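J.:
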Amino acid sequence: GNSVTQMEGPVTLSEEAFLTINCTYTATGYPSLFWYVQYPGEGLQLLLKATKADDKGSNKGFEATYRKETTSFHLEKGSVQVSDSAVYFCALTSGTYKYIFGTGTRLKVLA
Amino acid sequence: GAGVSQTPSNKVTEKGKYVELRCDPISGHTALYWYRQSLGQGPEFLIYFQGTGAADDSGLPNDRFFAVRPEGSVSTLKIQRTERGDSAVYLCASSLSGGIQETQYFGPGTRLLVL
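In structure tokens, the structure reads:
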């Protein structure tokens, strides 16, 4: 079946450090891929998405590229801020509206 | 504009009791979804409504769980004879029409604790 695997957290970085959160997937067909972010005390918010291979989603300095050959959708940011501290979820849909989420990766950025 | 809202934000109940969780989707969104997020896990799909009808309830764990959306807007998730294992955050999401690649907009969730 379809699944998403994310790197274990928590990830702790200093402000202005480079961020990578790994996400790989297993899916039949041609999935759409998403990154959602959950800030403390808030609901899930869409951060970025990509709907076909080689697409790059980007938002708020975050980027992720849909790599079909490696079945990956790694999240990157060149310079993190304290305000980026949150839990990040990778997700997919494949031929359906049902989101399949990873377990989430908690990011903590220190000033 | 207003996003998805959910009430209550927290609910504490005793084992065996009945609870109702409410979701108010974004105005004009015909598709509504319920997910359940257990501690340390990602959200898991429960049920999908298209308009007033439950188009897919394959994620409901058992017949103690039921959801309605009588007028195609607000939805209520109902849990009978609650068990401690039902403790989780229940998330509601809505999207414009339920298309496969559509973005789903999530509410803040209801944190349910069954004692």
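So the sequence lines, in the order shown, correspond to chains A and B. Residue numbers for the first sequence, in the working numbering: 1 to 111. Residue numbers for the second sequence, in the working numbering: 1001 to 1115. Glycine included, C-beta positions come from ideal geometry on N, C-alpha and C. It should be emphasised that the depicted structure is a prediction, and the values quoted were computed from it without experimental measurement.
Write down every uninterrupted run of the beta strand (DSSP E) in the stretch 22-78 of chain A whose length is 3 residues or greater and which is fully enclosed by it, in chain order.
T.: 23-26, 32-38, 44-50, 56-59, 62-65, 75-77
J.: Using a Cβ-Cβ cut-off of less than 8 Å, give me the residues of the stretch 1027-1039 of chain B that come near chain A, in sequence order.
T.: ALA1031, TYR1033, TYR1035
J.: Ordered along the chain, which non-local residues of its own chain (more than five positions away) have a Cβ less than 6 Å from that of VAL87 (chain A)?
T.: GLN38, GLY104, ARG106
J.: Check the Cβ-Cβ distances between TYR66 (chain A) and every residue of chain B, and say whether any is below 8 Å.
T.: no
J.: Going straight from the alpha carbon of LYS49 (chain A) to that of GLY1053 (chain B), what length do you get?
T.: 28 Å
J.: With distances taken between CB atoms, is the gap from GLY1042 (chain B) to GLY102 (chain A) smaller than 8 Å?
T.: yes
J.: With a threshold of 8 Å between beta carbons, is TYR1090 (chain B) in contact with chain A?
T.: Interface residue (Cβ-Cβ distance to chain A less than 8 Å): TYR1090 (chain B) is not classified as such.
J.: Apart from the five residues just before and just after SER1087 (chain B), which ones in its own chain have a Cβ nearer than 7 Å to its Cβ?
T.: Correct list, in chain order: LEU1112, LEU1113, VAL1114.
J.: Excluding five sequence neighbours on each side, which residues of the same chain lie with their C-beta closer than 6 Å to the C-beta of THR65 (chain A)?
T.: LYS56
J.: Can you grab the Cα-Cα spacing for the pair LYS1015 (chain B) / SER1038 (chain B), in whole Å?
T.: 17 Å
J.: Taking 6 Å as the limit between beta carbons, can you name the residues of its chain near ASN22 (chain A), skipping five residues before and five after?
T.: MET7, HIS74
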